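K.L.:
Numbered per the working numbering, the sequence shown spans residues 66 to 577.
Input: one structure, supplied below.
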Amino acid sequence: EVGRFRERHPSGGAARWIWHKDGGRPWVLLICSFFMIISLTASLSRGGVLSLLATSVVFAAAAIFPAPRVAARRGRSYGRVLVLAGLSAIVLLIGILALSPRVRPRWEGAFDEAAEYRVDVWRDSLGSVRDFPVIGAGLGSFRSLYPRYKTGNFLSETTHAENDYIQWTMETGFLGLALLVLVASIFAHHVACRLKKRKDYYSRSLAYGALFSITSVSFHNFMDFNMHIPSNALTMVCVAALCFLVVNIRGGRHGAQFLTEVRHISLRSARGVIVLVALLLAAGLFVQQAWTHYQSLRSMEHWSRSKFYLHGDPEESQFAFLNEAIRQCSWNDRAYFEKASAYESAGVSGGIAGIFKKNRMLEQASKTILEAIRRRPLEASYWAALGRIESGLMNEEQSDQAFRQALKLARTNGRIHRDYGLSLLYRGEIQRGPTELALARHHMPNVNLREWLDLLAKYTDDPTVWENLVHRTLEDLKTYGDFLASRGLTELATKIRKEVQLLETSPSLNPR
C-alpha cells in the first residue's frame with residue numbers, strides 16, 4: 066500500500082501515507098470506528114446502543130431507497146452496497162458484544178427499576194405540559210416544578226426529565242417545540258440539498274459522518290438529558306458546524322469558496338466598534354458571573370467540610386464561609402438554606418433549659434429560610450424547613466401554611482409528610498400526626514417501621530393510632546407483633562401473630 070502510494074505521490078512517505086485520503090486514512094478511520102463501537106457497548110449505555118442501531122437503520126433505509134434523481138445520476142450501486150455492508154457490520158458487532166457476560170445482564174434487565182423510573186418521570190412531566198401548553202414554565206424550571214406532578218415513590222431528587230424533548234416542551238411549551246422542529250428541519254433540508262451537489266468523496270463522507278453523529282444523539286435525547294451536559298452540547302454544536310461547513314465549501318482553481326452568503330462588518334466602522342464592544346461586555350459579564358458562581362460554590366463546599374451543629378449563642382463569625390458564599394452570589398439560595406439549617410439544628414439541640422436562646426436561634430433560622438424562599442419560591446424543601454422552624458416556635462398557623470405549600474409543590478415527598486407528621490405530634494395533634502406519617506410511609510416504603518412505632522409510642526399509647534403505620538403485609542405484621550409484645554400488650558401481640566401465621570400458610574392473602 067505504501068509502495069503504490071509513493072508511485073502516485075513521489076514526495077510522500079510512510080508518515081504522510083497514514084493520514085492521506087489516498088493512503089491509510091480510510092483504514093485509520095475504520096479502526097477508530099471499531100474502537101468507538103466497542104467503547105459505546107462497554108459503557109453499558111442501553112440508550113446509546115439503541116440510538117446507534119436506530120441511526121444505522123435510518124441510514125440503511127436511505128441507502129436502499131435513495132432519491133430517484135440521485136439514483137439515476139449515479140448509475141452504479143456499489144456505493145450503496147458498501148454503505149449497507151458497513152452498517153450491517155456495525156449491527157453485527159454490537160450484537161456480538163451484547164452477548165458478552167458483562168453486557169448481557171444489562172440487556173436482560175431492560176425493564177428494571179431504572180427503566181420504570183424513566184417512564185414515571187416522562188408521564189409526570191407530560192402532566193405539567195397540560196398546565197403550561199403555549200410558552201411553557203420557563204427555562205430551568207423543571208427542578209422546581211416537577212415535584213408538583215411527581216406520583217412515583219422513588220426517593221431520589223429528579224433534576225431532569227430523562228428526555229430532552231419532553232423537558233424542552235415542559236419549559237418552553239409547544240411554541241418552543243415548534244421552533245426546535247423548524248430549526249432542525251431547515252438545517253437538515255439545507256445540508257441535504259447541498260450534499261447532493263458535492264462530488265468530493267472525502268467531503269461527502271465527512272458530512273455523512275457528522276449527520277450520523279447528529280442523528281444518533283437526537284435519538285439518544287429521547288432516553289436521556291444529553292443536551293443538559295455542557296460537554297455533550299458543545300460537541301453537538303461543533304459537529305453541526307463541521308457538517309454545515311463541509312457542505313458549503315467548494316474547492317476550485319481560485320481556492321475554497323463559501324457558498325452561503327457571508328456579511329462582513331468592518332471593525333473600523335461605527336457598527337463594527339459597537340458589535341465588538343457588545344461582544345466583549347457580554348463575554349466579560351459571562352466570565353464574571355461564572356467566576357462568582359464558582360467562588361460561591363467553593364465557599365459552600367468549605368462549609369460542608371467543616372460545618373458543625375451550633376450550640377449556645379452562635380456568633381456570626383461562625384458562618385464565615387456561608388456569609389462569603391452569600392456575598393459573592395446574593396442569589397445563592399442554597400447558602401441561605403444551609404445557614405437556616407444550622408440555626409435550626411442549634412435551636413433543636415438547645416433543650417428546655419435554653420428556651421430563650423432556642424427561640425432566638427429559631428427566629429434567626431426563620432428569617433434566613435425566608436431569604437432562601439424569596440430567591441427560590443418553588444423549592445418544596447425550603448417551605449418544609451420553614452414549617453419545622455415555625456412549629457418549634459409554636460406558630461401553628463404559620464407552620465401549617467408552610468407545610469401545605471410544601472406539599473402543594475411536592476405532594477409525594479415522603480420526607481415532607483414525615484416532618485409534618487412529627488410537627489403535628491409535637492403540637493399534640495395525635496390524630497392528624499399519624500395520618501401524615503402513614504402517608505410518609507406510603508411514599509417512603511423502605512423506612513424502619515419499628516423506629517417509627519417507637520417514636521409514635523412516645524406521644525400516644527393508643528394501639529388504634531399505631532395501626533395507621535402498619536400495612537397488612539407479612540413483614541409489617543411481624544414487626545408490629547414484636548413491638549406489641551415489647552410494650553406488654555400480649556393479647557394484641559398474639560392476635561397479630563395468628564394473622565401472621567395465616568398469611569404464611571396462605572401466601573395468596575399477602576398483598577405483596
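Just so you know, even glycine gets a beta-carbon here, dropped at the ideal spot from N, CA and C.
Treat the numbers as computed from the prediction; the structure is a model and nothing was measured.
(1) Decide if the stretch 287 to 295 is in contact with the stretch 254 to 272; the criterion is three or more beta carbon pairs, one per stretch, under 8 angstroms apart.
(2) Would the stretch 442 to 459 count as touching the stretch 471 to 479 if we require 3 or more Cβ pairs under 8 angstroms?
(3) Could you pull out every residue in the same chain whose Cβ sits closer than 7 angstroms to the Cβ of I438, ignoring the five residues on either side in sequence?
(4) Just to confirm the assignment: which complete beta strand (DSSP E) runs, minimum length 3, are found wholly within the stretch 469 to 525?
(5) Determine, using beta carbons only, whether R22 and L489 come nearer to each other than 8 angstroms.
(6) Who are the near neighbours of L191 in its chain, counting only those whose CB is closer than 7 angstroms to its CB and skipping five residues on each side?
(7) Thinking C-beta only, is W517 closer than 8 angstroms to L539?
(8) Helix, strand or coil for A445? Go by DSSP, reduced to three states.
(9) Which stretch, first to last residue, makes up the alpha helix (DSSP H) that contains S281?
(10) Please determine, among D527, L514, D519, the residue with the shortest C-alpha to C-alpha distance to H536.
(11) Rounded to the nearest angstrom, what separates Q566 and G546 at their Cα positions?
(12) Taking the CB atoms as reference points, tell me whether V302 and N291 lie closer together than 8 angstroms.
(13) Restricting to Cα atoms, I'd like to know which of A226, A180, E222, Y182 is closest to V194.
(14) Reducing DSSP to helix, strand and coil, say where T555 ends up.
(15) Identify, in the order they occur along the chain, each residue of the same chain with its Cβ nearer than 6 angstroms to the Cβ of L260, setting aside the five sequence neighbours on each side.
(16) Tell me where the alpha helix (DSSP H) around C394 begins and ends.
(17) Assign E236 to buried or exposed, taking buried as 16 or more other Cβ atoms, counted over all protein chains shown, within 10 Å of its Cβ.
(18) Taking 6 angstroms as the limit between beta carbons, can you name the residues of its chain near V530, skipping five residues before and five after?
(19) In the DSSP assignment, find the alpha helix (DSSP H) that holds H255 and state where it starts and stops.
(20) Could you check where the alpha helix (DSSP H) with V199 kicks off and where it finishes?
(21) If you count every other CB in all the chains shown that lies within 10 Å of the CB of G457, and 16 or more means buried, which is it?
(22) Can you tell me where the alpha helix (DSSP H) holding S578 begins and where it ends?
(23) For a test of the three-state rule: what should DSSP assign to N297, helix, strand or coil?
(24) Determine the burial state of V246: buried for a count of at least 16 other Cβ atoms within 10 Å of its Cβ, exposed for fewer.
(25) Mapping the DSSP letters down to three states, classify G205 as helix, strand or coil.
(26) Evaluate V135 with the Cβ neighbour count: other Cβ atoms within 10 Å of its Cβ, from every protein chain shown; 16 or more gives buried, anything less gives exposed.
(27) Below 6 angstroms CB to CB, which residues in the same chain sit around Y485 once its five sequence neighbours on both sides are set aside?
(28) Under a Cβ-count criterion, where at least 16 other Cβ atoms within 10 Å of its own Cβ denotes burial, should D526 be classed as buried or exposed?
(29) Mapping DSSP to helix, strand and coil, what is R537?
(30) Between A275 and C308, is the Cβ-Cβ spacing less than 8 angstroms?
(31) Cβ of G241 within 8 angstroms of Cβ of P198?
P.N.:
The short version:
(1) no
(2) yes
(3) Y447, W448, L451
(4) none
(5) Outside the displayed range of the chain (66 to 577) lies residue 22, so it cannot be described from this structure.
(6) I231
(7) no
(8) helix
(9) 266 to 285
(10) L514
(11) 12 angstroms
(12) no
(13) A226
(14) helix
(15) A272, V312
(16) Unbroken run through C394: none, as it is neither H nor E.
(17) buried
(18) P499
(19) 229 to 262
(20) V199 -> no alpha helix (DSSP H), and no H or E assigned at all.
(21) buried
(22) Nothing can be reported for residue 578: it is not among the residues displayed for the chain, which extend from 66 to 577.
(23) helix
(24) exposed
(25) coil
(26) Residue confidence is low: V135 scores 49 on pLDDT, short of 50, so the model does not pin down where it sits. No coordinate-derived value is stated.
(27) F468, E501
(28) exposed
(29) coil
(30) yes
(31) no
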